Amino acid sequence: MPTYVLKATPERIEEMKNYYSRNLKKTPPHAVFQAHTPLASITAYQSGKVVFQGKTPEQEAGQWEKGAHTPKERNSKKETHAYHPPADLFQSPHIGSDEAGTGDYFGPITVCALYADEEQIRTLKEIGVRDSKHLTDDKITVIAKRIVEMNISYRLMRLSNSRYNEWREKGWSQGKMKALLHHQAVTKLGEDLSPIRPEGILIDEFARPEIYKKHLRSEGKTMESNTYFMTKAESYSIPVAAASILARSLFVKEMNKLSRHFGRTIPKGASSKVDRAAAAILKSHGEDTLKDVVKWHFANTEKAKKIAQEG
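FYI, the UniProt record's numbering numbers position 98 of the sequence shown as 98, with every residue one higher than the one before it.
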């Protein structure tokens with residue numbers, strides 16, 4: 001099960017507890033509260049650690065990251081925002097950008113930005129491009145190959161876990177990492193396309209646009225004026241869906257490389273199977289090797305250490 005972990009002050013945890021008051025469940029030992037939402041299960045511990053687990057934990061956690069508005073502040077505003085795409089964008093030439101690997105303990109974060117014009121959008125539909133969440137990894141591999149064979153314009157970014165952990169130690173949130181990766185992919189693709197200017201850039205929304213822009217500003221970057229954000233954008237935009245497929249395909253390839261390297265199947269996600277695989281690597285190769293290939297701050301690390309010690 002994908003896991004995301006944040007550190008929070010006692011005041012922030014109390015704020016979270018109040019917000020999730022209608023979703024509270026029985027409090028586990030050493031915890032302040034536990035709550036369940038459609039996106040994730042949230043457990044806040046007395047140590048200040050807040051663990052999000054579920055379908056899309058990073059989306060639930062993103063609203064609590066440093067500098068983000070609280071959900072109450074966000075919900076007091078309209079659900080749509082100034083960066084919501086116009087309806088006619090989906091059939092127009094535009095860039096779509098999406099990522100994979102964010103909730104997985106092993107494997108890199110991969111981001112893809114892809115451009116398609118009207119004719120290419122029709123062709124992408126014909127070869128089976130749709131929301132990658134409804135496709136198996138085998139099917140994604142097949143469709144990804146067909147996308148590449150179209151000679152379509154795209155840019156892929158890969159963030160190794162060794163670099164990911166370095167950025168975490170610098171104080172970067174996963175949201176900031178993703179913002180910079182999307183920005184880099186979109187910027188490089190825009191340079192490739194010049195002088196063609198897409199009618200829009202649509203990013204699958206993982207953080208509110210204001211937070212995305214703040215992440216860029218912190219590194220001296222600025223966002224293109226025709227950039228839009230939308231949750232579940234891959235269900236509406238074919239370029240986003242195609243970008244999602246290419247990002248996932250690269251992630252799957254990297255996971256297969258890890259499996260070959262260690263001579264054992266490395267599971268995707270962040271389940272108990274992942275804990276056991278990590279414990280095996282920890283015992284056979286040591287902590288430095290494991291840290292090089294995982295997102296070290298995930299709760300899986302402590303679980304793997306415990307399994308390795310008990311074994």
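Each residue gets a CB set at the ideal place from its N, CA and C atoms; glycine is no exception. None of the values given here were measured: they were computed from a predicted structure.
Practice item. Using three-state DSSP, classify residue 159 as helix, strand or coil. Key: Sequence index remark: in the sequence shown, residue 159 carries index 159 (1-based). Looking at residue 159 - three-state DSSP - the assignment turns out to be strand.
Review point. Given residue 242, which residues of its chain have a CB within under 6 Å of its CB, disregarding the five upstream and five downstream residues?
Key: Within the sequence shown, residue 242 is the residue found at index 242, counting from 1. Result list for residue 242: 114, 124, 129, 147, in chain order.
Point to revise | Contact test: residue 263 Cβ vs the ligand COA heavy atom, cutoff 8 Å | key: Of the ligands one can find in the structure shown there are none, so the ligand COA has no counterpart to examine.
Review point. Could you give the distance in angstroms between the alpha-carbon of residue 6 and the alpha-carbon of residue 195?
Key: Reading the sequence shown from its first residue, position 6 is the one you call residue 6. Reading the sequence shown from its first residue, position 195 is the one you call residue 195. Those two C-alpha atoms are separated by around 42 Å.
Practice item. Look at residue 325 and residue 16 and say whether their C-beta atoms are less than 9 Å apart. Key: Since the first residue shown for the chain is 1 and the last is 311, residue 325 is missing from the structure and cannot be characterised.
Review point. Taking the DSSP output, what are the residues bridged to residue 94?
Key: Start at 1 with the first residue of the sequence shown, and residue 94 comes out as number 94. Its beta-bridge partners are 116.
**Study point:** Cβ pair residue 278, residue 304 closer than 9 Å
**Key:** The count along the sequence shown starts at 1 and reaches residue 278 at position 278. The count along the sequence shown starts at 1 and reaches residue 304 at position 304. A contact, by the Cβ cut-off of 9 Å.
**Study point:** Where residue 106 sits in the DSSP three-state scheme
**Key:** Walking along the sequence shown from the start, residue 106 turns up at place 106. If DSSP states are grouped into helix, strand and coil, residue 106 belongs with the strands.
Check your understanding: By a C-beta neighbour count over all protein chains shown, 10 Å radius and 16 as the cutoff for buried, is residue 346 buried or exposed?
Key -> Nothing can be reported for residue 346, as the shown portion of the chain is limited to 1 through 311.
Check your understanding: Which of helix, strand or coil does DSSP assign to residue 223?
Key -> Residue mapping note: residue 223 aligns to position 223 of the sequence shown, counting from 1. If DSSP states are grouped into helix, strand and coil, residue 223 belongs with coil.
Exercise for review: Rounded to whole angstroms, what's the CA-CA distance from residue 201 to residue 213? Just pull it up for me.
Suggested key: Sequence index remark: in the sequence shown, residue 201 carries index 201 (1-based). Sequence index remark: in the sequence shown, residue 213 carries index 213 (1-based). The straight-line gap from Cα to Cα measures roughly 14 Å.
Point to revise | Within 9 Å, strictly: CB atoms of residue 139 and residue 234 | key: Residue mapping note: residue 139 aligns to position 139 of the sequence shown, counting from 1. Residue mapping note: residue 234 aligns to position 234 of the sequence shown, counting from 1. Contact flag unset, no.
Exercise for review: Please report how far the alpha carbon of residue 269 lies from the alpha carbon of residue 2, in whole angstroms.
Suggested key: On the sequence shown, position 269 is the one that residue 269 refers to. On the sequence shown, position 2 is the one that residue 2 refers to. Each residue's Cα considered, the two are about 5 Å apart.
Exercise for review: Please name the residue or residues paired with residue 99 in a DSSP beta bridge.
Suggested key: Sequence index remark: in the sequence shown, residue 99 carries index 99 (1-based). Looking at the DSSP assignment, residue 99 forms a beta bridge with 111.
Exercise for review: Determine which residues share a DSSP beta bridge with residue 204 and list them.
Suggested key: Position 204 of the sequence shown, counted from the start, is the residue given in the question as residue 204. 230.
Review point. In whole angstroms, what separates the C-alpha of residue 58 from that of residue 228?
Key: Translated into the one-based positions of the sequence shown, residue 58 becomes position 58. Translated into the one-based positions of the sequence shown, residue 228 becomes position 228. Whole-angstrom Cα-Cα distance: 20 Å.
**Study point:** Cβ pair residue 135, residue 183 closer than 9 Å
**Key:** Residue mapping note: residue 135 aligns to position 135 of the sequence shown, counting from 1. Residue mapping note: residue 183 aligns to position 183 of the sequence shown, counting from 1. The answer is no: Cβ separation not under 9 Å.
Practice item. Give me the Cα-Cα distance between residue 49 and residue 93, rounded to the nearest whole angstrom. Key: Residue mapping note: residue 49 aligns to position 49 of the sequence shown, counting from 1. Residue mapping note: residue 93 aligns to position 93 of the sequence shown, counting from 1. C-alpha separation (whole angstroms): 44 Å.
Review point. Between the stretch 242-254 and the stretch 142-162, do at least 3 Cβ pairs fall closer than 8 Å?
Key: Yes, the stretch 242-254 is in contact with the stretch 142-162.
Check your understanding: Is residue 199 near residue 89, with beta carbons less than 9 Å apart?
Key -> Along the sequence shown, read from residue 1 onward, the residue named residue 199 stands at position 199. Along the sequence shown, read from residue 1 onward, the residue named residue 89 stands at position 89. Yes, the pair counts as a contact, with Cβ atoms nearer than the cut-off.
Exercise for review: Return the chain-ordered list of same chain residues with a C-beta closer than 6 Å to the C-beta of residue 259, the five sequence neighbours on each side being excluded.
Suggested key: For this step, residue 259 is matched to residue 259 along the sequence shown. Once the five neighbours on either side are set aside, the close Cβ partners of residue 259 are 265, 266.
Review point. Helix, strand or coil: which one does DSSP assign to residue 154?
Key: One-based indexing of the sequence shown puts residue 154 at position 154. In the structure shown, residue 154 sits in a strand (DSSP, three-state: E or B).
Practice item. Go through its chain and collect everything with a Cβ distance to residue 313's Cβ below 7 Å, but skip five positions before and after it. Key: The structure shown does not extend to residue 313, since the chain is modelled only from 1 through 311, so no value can be given for it.
Point to revise | Exposure label - residue 91; buried when at least 16 CB within 10 Å | key: The sequence position of residue 91 within the sequence shown is 91, counting from 1. Looking at its Cβ environment, which holds fewer than 16 other Cβ atoms inside 10 Å, residue 91 is exposed.
Point to revise | With 16 other Cβ atoms within 10 Å as the buried cut-off, status of residue 26 | key: For this step, residue 26 is matched to residue 26 along the sequence shown. Answer is exposed; the Cβ neighbour count stays below 16.
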